[in-house]
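J.: Residue numbers (the numbering used here), protein chains in the order written: chain P, 31 to 197; chain U, 2 to 431.
If you scroll down you'll find the structure; I have some questions about it.
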Amino acid sequence: MNPLQERYGQEIEAVLAKYPSDQKRSAVMPLLYIAQREHGHITREQLGQVGDILGISSTDVASIVGFYTLYHDAPGGKYRLQVCNDLPCALRGADKFFDDLCSRLDVQPGGTTADGLVTVEGVMCLAACHRAPMFQVQSHTEITYYEDQTVDKAVQLVDSWRQVNGK
Amino acid sequence: MNEILLRHREIQNLDQFPIYRQNKGFETFKHAVTAMNPAEVIDVVKASGLRGRGGAGFSTGMKWSFIDNKNWPHYVVVNADESEPGTFKDREIMESNPFQFLEGVMLCAYAVGANSAYIYLRGEFWQLAAELDKHIEYLEREGFLGDKLFGGEYGLRLYTHLGAGAYICGEETAMLESLEGKLGQPRLRPPFPPTFGLYSKPTIVNNVETLANVPLILERGADWFRSFGTEKSPGNKVFSLCGNVEKPGNYELSLGTTFRELIFTHGGGIPRRRKIKAIMPAGASSSLIVADDKALDTPMDYENVPSVGAQLGSASIIVIDDSVSMDWLINKTVHFFKHESCGKCTPCREGTYWMQHLTERIHHGQAKWDDVILLQDVATGIKGKCLCALGDFSTEAVVSSIQRFRSDFEAVAAGAPTPVAVRAEQVSPK
């Protein structure tokens, strides 16, 4: 039994039960979400652990991590603040929102704040075009939408994280 | 409005199981499983003329009838990957009218003889998937899902499956690959999913909105459904309206409603006293329509939108005002498709890369007119040469905007033909 199974055994069994017993590989994406809860990104060791459970190579697992944008193979901020700046959001001011937010937080797009807490990224459409500017926050464990945003509101949110995390 | 799909706007708390039950919820499913055979269910859906709401507009009943009954087991996979820029309708249906959606999935599964159905949601809909899981558990406790339903032989299980941020997984065969735990890359077709789908087994893939129509079609009949919409496009559609418009949002309207009514009557028109310049009726995958009177008076249905040079697609209507220059706009859409190209087919993988270089250069005023011609050329090199439609989609806005809004490009490209010459050779919408 590897560390992932020790820690999340029951949950992993429940995931595997969703798919036919000869199609375990289908569970690779849900298992990666479980693994990512640990550190906010997938480590090399975890690639092997997920592969072991499913009977596939760690290279196969790594290809999945590389293909899908919600999995990360390198550490980032505890909070990944992902601003949609696709066409519909941009027509409602998302480009300016994103630029202004980056300056207020003193980060480059894709970069992490000096305290290591927040990574600010531009992302593709999040199906919230009517409530732009908007962003989602991906933490280790969940994804939350923040819609109809202003830079002030977003900065307040970041400040509240800083308080909670003693930064 | 809101008669079929967005009924939660009329009926309070329709997302609560008891309220949905009070509104005849799951009676249709129970009736189908206990008193109808699967072929009869398919016949009603066929007679309703329901067409797929994910974009292609294919007859839903016809698709179901293609299921290969010589090969078992069968699967249903629901496309809840809603990722087209400008589209946010499935999210509202699943959030606020979840039981009607689930009942539609269950009716589809019964009709095609599937005992398992997977709902593939984009990873960002994490909370929504958790809510659906709770509803599914509840339905199992209440005896609407599980083995030997209503004392008969038929059994059904529903499962949610989260994607992880890849637009391409909205393409049905890429979705099946992804659900099998592989890279989300499309398959060569034929064979199509009704004969060769999930785990190589016959599979029906339908969009959320398509299936949400089914319970009321079965409850009230095909003729009732055909009393909405047009002859060739029956029913209502949820139009996602966004961009430069006063009141963006979802609007459930009859298919065949004009662009003008949606944008100006329901959507409140264009903000800041700007004028409407263009419309993208199918999200970022759309050609750009010149928003003249003819276009505004065109009915939004599958058969009429092509007459103004675009497709209805998923009916995500992006409104563009006259402050927007098309060189900026296509730079945005090309960035999107370049990012989302799965990399499998060379014309799309390389073509979107080069288109991005060109649109960047053009938008930043560093291009010559030759670059605009080259951009058209690269787009032509992609179109029709890939396994799935993503490659084609990446070219629609590019080609149509250069044809129909040529002066925007002349304004930013050095060495552009003089305006007089342009007028003479201006191309009308194809």
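A virtual CB, placed ideally from N, CA and C, is assigned to each residue, including glycine.
Fair warning: this is a prediction, and the values are worked out from it, not measured in the lab.
P:His71 by DSSP, collapsed to three states: which one?
T.: Within the first sequence, residue 71 of chain P is the residue found at index 41, counting from 1. Three-state DSSP puts P:His71 in coil, outside helix and strand.
J.: Take P:Asn115 and list the residues in its own chain whose beta-carbon comes closer than 6 Å to its own, dropping the five residues that flank it on each side.
T.: On the first sequence, residue 115 of chain P is found 85 positions in, with the first residue counted as 1. Ala124, Asp125, Phe128 and Gly152, listed in sequence order.
J.: Against chain U, with Cβ distances strictly below 8 Å, would P:Cys159 count as a contact?
T.: As a working note, residue 159 of chain P is residue 129 in the first sequence. It does; some Cβ of chain U falls within 8 Å.
J.: If you reduce the DSSP assignment to three classes, tell me which class U:Arg52 lands in.
T.: Counted from its first residue, the second sequence places residue 52 of chain U at position 51. Correct three-state label for U:Arg52: strand.
J.: Buried or exposed, going by whether 16 or more other CB atoms sit within 10 Å of the CB of U:Trp1?
T.: The shown model of chain U, from 2 to 431, leaves out residue 1 of chain U, and the question about it has no answer.
J.: Residues bridged to U:Leu163 by DSSP?
T.: By 1-based counting over the second sequence, the position of residue 163 of chain U is 162. DSSP lists U:Leu122 as partners of U:Leu163.
J.: I'd like the list of long-range same chain contacts for U:Gly244, defined as Cβ closer than 7 Å, with 5 residues on each side in sequence excluded.
T.: Here residue 244 of chain U refers to the residue found at position 243 when the second sequence is read from its first residue. Closer than 7 Å at Cβ, skipping near neighbours: Ile319, Val320 and Ile321.
J.: How should U:Tyr354 be labelled, buried or exposed, when 16 other C-beta atoms within 10 angstroms of its C-beta is the threshold for buried?
T.: For the purposes of this step, residue 354 of chain U is identified with residue 353 of the second sequence, where counting begins at 1. Burial call: exposed.
J.: Would you kindly check if the distance between the Cβ of U:Leu297 and the Cβ of U:Arg405 is under 8 Å?
T.: If you number the second sequence from 1, residue 405 of chain U lands on position 404. If you number the second sequence from 1, residue 297 of chain U lands on position 296. Cβ atoms of U:Arg405 and U:Leu297: not closer than 8 Å.
J.: With DSSP run on the structure shown, which of helix, strand or coil describes U:Arg273?
T.: Translated into the one-based positions of the second sequence, residue 273 of chain U becomes position 272. Reduced to three states, the DSSP call for U:Arg273 is helix.
J.: Counting only C-beta atoms, is U:Tyr121 closer than 8 Å to chain P at any point?
T.: By 1-based counting over the second sequence, the position of residue 121 of chain U is 120. False, the Cβ-Cβ gap to chain P never drops below 8 Å.
J.: Answer yes or no: do U:Thr29 and U:Glu141 have a C-beta to C-beta separation smaller than 8 Å?
T.: As a first step, residue 29 of chain U is located in the second sequence; it is residue number 28 there, counting from the start. As a first step, residue 141 of chain U is located in the second sequence; it is residue number 140 there, counting from the start. No, the Cβ-Cβ distance between U:Thr29 and U:Glu141 is not below 8 Å.
J.: Going along chain U, which residues have a C-beta under 7 Å from P:Lys48?
T.: Taking the first sequence and counting its residues from 1, one reaches residue 48 of chain P at position 18. Result: Tyr160.
J.: Of all Cβ atoms in chain U, is any one closer than 8 Å to the Cβ of P:Asp129?
T.: In the first sequence, residue 129 of chain P corresponds to position 99, counting from 1. False, the Cβ-Cβ gap to chain U never drops below 8 Å.
J.: DSSP on U:Asn214, reduced to helix/strand/coil?
T.: As a first step, residue 214 of chain U is located in the second sequence; it is residue number 213 there, counting from the start. Note: U:Asn214 maps to helix in three-state DSSP.
J.: Measure the alpha-carbon distance for P:Thr142 versus U:Ile374 and round it to whole angstroms.
T.: If you number the first sequence from 1, residue 142 of chain P lands on position 112. If you number the second sequence from 1, residue 374 of chain U lands on position 373. Cα-Cα distance, rounded: 40 Å.
J.: Compute the distance between the beta-carbons of U:Cys349 and U:Ser395, then report whether it is under 8 Å.
T.: Counting from 1 along the second sequence, the entry for residue 349 of chain U is found at position 348. Counting from 1 along the second sequence, the entry for residue 395 of chain U is found at position 394. Contact: yes.
J.: To the nearest angstrom, how far is the alpha carbon of U:Ser66 from that of U:Ala316?
T.: Working through the second sequence from its first residue, we reach residue 66 of chain U at position 65. Working through the second sequence from its first residue, we reach residue 316 of chain U at position 315. Their backbone Cα atoms lie some 26 Å apart in a straight line.
J.: Please classify P:Val194 as buried or exposed, where buried requires at least 16 other C-beta atoms within 10 Å of its C-beta.
T.: Along the first sequence, one-based indexing puts residue 194 of chain P at 164. Exposed.
J.: At a Cβ threshold of 8 Å, is P:Ser88 touching chain U?
T.: On the first sequence, position 58 is the one that residue 88 of chain P refers to. Cβ-Cβ to chain U under 8 Å: no for P:Ser88.
J.: Interface residues of chain P around U:Cys243 at Cβ under 7 Å?
T.: Counting from 1 along the second sequence, the entry for residue 243 of chain U is found at position 242. Ordered by position in chain P, the residues that pass the 7 Å Cβ test against U:Cys243 are Pro118, Cys159 and His160.
J.: Can you say whether P:Pro105 is buried or exposed, counting buried as having 16 or more other CB atoms within 10 angstroms of its CB?
T.: Residue 105 of chain P sits at position 75 when you count from the first residue of the first sequence. Flag for P:Pro105 reads exposed.
J.: Let me know if U:Asp409 comes out buried or exposed under the rule of 16 or more other beta-carbons within 10 Å of its beta-carbon.
T.: As a first step, residue 409 of chain U must be located in the second sequence, where it is residue number 408. Counting Cβ neighbours within 10 Å, U:Asp409 comes out buried, since at least 16 surround it.
J.: Just the chain P side, please: which residues come within less than 9 Å of U:Tyr252 by C-beta, in chain order?
T.: In the second sequence, counting from the first residue as 1, residue 252 of chain U sits at position 251. Result: empty, since nearest Cβ-Cβ is about 10 Å, beyond 9 Å.
J.: So with Cβ pairs under 8 Å, would you call P:Val181 a contact of chain U?
T.: For this step, residue 181 of chain P is matched to residue 151 along the first sequence. No, because no Cβ of chain U sits closer than 8 Å to the Cβ of P:Val181.
J.: Is P:His69 buried or exposed, if buried means 16 or more other CB atoms sit within 10 Å of its CB?
T.: On the first sequence, position 39 is the one that residue 69 of chain P refers to. With fewer than 16 Cβ atoms within 10 Å of its Cβ, P:His69 is classed as exposed.
J.: Contact criterion: CB-CB distance below 8 Å. Does U:Ala283 meet it with respect to chain P?
T.: For the purposes of this step, residue 283 of chain U is identified with residue 282 of the second sequence, where counting begins at 1. U:Ala283 does not count as touching chain P.
J.: Could you tell me which chain P residues have their CB closer than 9 Å to the CB of U:Lys276, listed as they occur along the chain?
T.: Here residue 276 of chain U is taken as the residue at index 275 of the second sequence, counted from 1. Those do not exist, as U:Lys276 stays about 15 Å from chain P at its closest Cβ, beyond 9 Å.
J.: Output the boundary residues of the alpha helix (DSSP H) element that contains U:Ala332.
T.: Residue numbering aside, residue 332 of chain U sits at position 331 when the second sequence is read from its first letter. Strictly speaking, residue 332 of chain U in this sequence is Asn, with Ala absent from that position. Where U:Asn332 is concerned, the enclosing alpha helix (DSSP H) stretches over Met327 to Glu341.
J.: Can you tell me whether U:Gln186 is buried or exposed, with buried defined as 16 or more other CB within 10 angstroms of its CB?
T.: Your numbering for residue 186 of chain U matches position 185 in the second sequence. Buried is the call here.
J.: Which one or two residues does DSSP pair with U:Cys243 in a beta bridge?
T.: As a working note, residue 243 of chain U is residue 242 in the second sequence. BP columns for U:Cys243 point to U:Ile319.
J.: According to DSSP, is P:Gly152 part of a helix, a strand, or is it coil?
T.: Your numbering for residue 152 of chain P matches position 122 in the first sequence. Three-state DSSP puts P:Gly152 in a strand.
J.: What do you reckon, are the CB atoms on U:Pro455 and U:Leu177 nearer than 8 Å?
T.: Past the boundaries of the shown model lies residue 455 of chain U; chain U is included only from 2 to 431, so the question cannot be answered.
J.: For U:Leu254, which three-state DSSP category applies?
T.: Translated into positions along the second sequence, residue 254 of chain U becomes position 253. Strand at U:Leu254.
J.: Could you check whether the segment 220-234 of chain U touches the segment 33-51 of chain U, counting it as contact only if at least three pairs of C-beta atoms, one from each stretch, sit closer than 8 Å?
T.: The segment 220-234 of chain U vs the segment 33-51 of chain U: in contact.
J.: Mind pulling the chain U residues with CB within less than 8 Å of P:Ala57?
T.: By one-based count along the first sequence, residue 57 of chain P stands at place 27. Per Cβ cutoff of 8 Å: Gly182.
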